[in-house]
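Residue numbers (the numbering used here): 2 to 216.
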């Protein structure tokens, strides 16, 4: 009898935790990451102390909300690399990321910010980055992607797209589609003309870290 009661309590705790994660996912998706634990608790219909008893801190909640999507992000990049048509793989990856940003403002923030190592986000982003770098090389070699495209142009795309979505309101989807079409036409070989040099990966990373600290 004691074991059965303990099992029910554990099951209830797991369900309650999942309800809190689902509520946080909804709030982050609509408003981005810059929401308070109090806002999330209110949306979940619980007190803030109750939310904090389930999650030791904000980072633990973020990990619970976004880990599955980051796993999928890495898998999408790796699947794109396996396509026979490298240009189709590249454009498919870019379109998937743009749609993911459009559908979830919180995930759009996750893709363009830096986070503590304790969240474990970087392992998935490194997986995706390794696949995308190789995909870029293949797409150039196949003649689909312009020769001067840089892997560091991917963060530029993500930041620009996220910025447009943040202020687009009801026309976000149409603006996203149009901006993405412009980008992909600009990325296609042979390109319209030489580009200014891209910042290095290290420069981009440190700039994002500084921007995050100033938020």
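Just so you know, even glycine gets a beta-carbon here, dropped at the ideal spot from N, CA and C.
Small disclaimer: the values here were computed from a predicted structure and weren't measured.
Which residues in the same chain as residue i place their Cβ atom closer than 7 angstroms to its Cβ, once the five residues preceding and following it in sequence are excluded?
i	result
residue 7	Its pLDDT being 47, under 50, residue 7 is placed unreliably by the model, and the measurement read from it follows with that caveat. The answer is none, since no qualifying residue turns up.
residue 110	33, 34
residue 184	158
residue 176	165, 169
residue 100	none
According to the Cβ coordinates, are residue i and residue j closer than 8 angstroms?
i	j	result
residue 74	residue 136	no
residue 57	residue 24	no
residue 125	residue 66	no
residue 63	residue 120	yes
residue 205	residue 153	yes
residue 116	residue 147	no
residue 30	residue 106	yes
residue 167	residue 102	no
residue 78	residue 140	no
residue 49	residue 39	yes
Where residue i and residue j are concerned, what is the direct C-alpha to C-alpha distance, given to the nearest angstrom?
i	j	result
residue 87	residue 81	8 angstroms
residue 180	residue 144	23 angstroms
residue 197	residue 149	10 angstroms
residue 151	residue 200	9 angstroms
residue 2	residue 55	Because residue 2 sits at a pLDDT of 49, beneath the cut-off of 50, its placement in the model cannot be relied upon, and the following sentence gives the value as read from the coordinates. Going by the C-alpha atoms only, they are around 26 angstroms apart.
residue 21	residue 194	51 angstroms
residue 128	residue 155	15 angstroms
residue 68	residue 26	11 angstroms
residue 108	residue 70	8 angstroms
residue 19	residue 130	30 angstroms
residue 43	residue 28	10 angstroms
residue 178	residue 98	12 angstroms
Around the Cβ of residue i, are there at least 16 other Cβ atoms within 10 angstroms (buried) or fewer (exposed)?
i	result
residue 217	Given that the chain is displayed from residue 2 to residue 216, the structure contains no residue 217 and the question cannot be resolved.
residue 172	exposed
residue 104	exposed
residue 51	exposed
residue 203	exposed
residue 14	exposed
Under the criterion of a Cβ to heavy atom distance below 7 angstroms, does residue i qualify as lining the ligand GDP?
i	result
residue 164	You won't find the ligand GDP in this model; it holds no ligand whatsoever.
Taking 8 angstroms as the limit between beta carbons, can you name the residues of its chain near residue i, skipping five residues before and five after?
i	result
residue 160	113
residue 47	21
If you measure from the beta carbon of residue i to each beta carbon in chain D, is any gap under 8 angstroms?
i	result
residue 46	As a matter of chain content, chain D is missing from the structure shown, which is built from one protein chain.
Going by beta carbon distance, what residues of the same chain come within less than 6 angstroms of residue i, once the five residues before and after it are set aside?
i	result
residue 192	147
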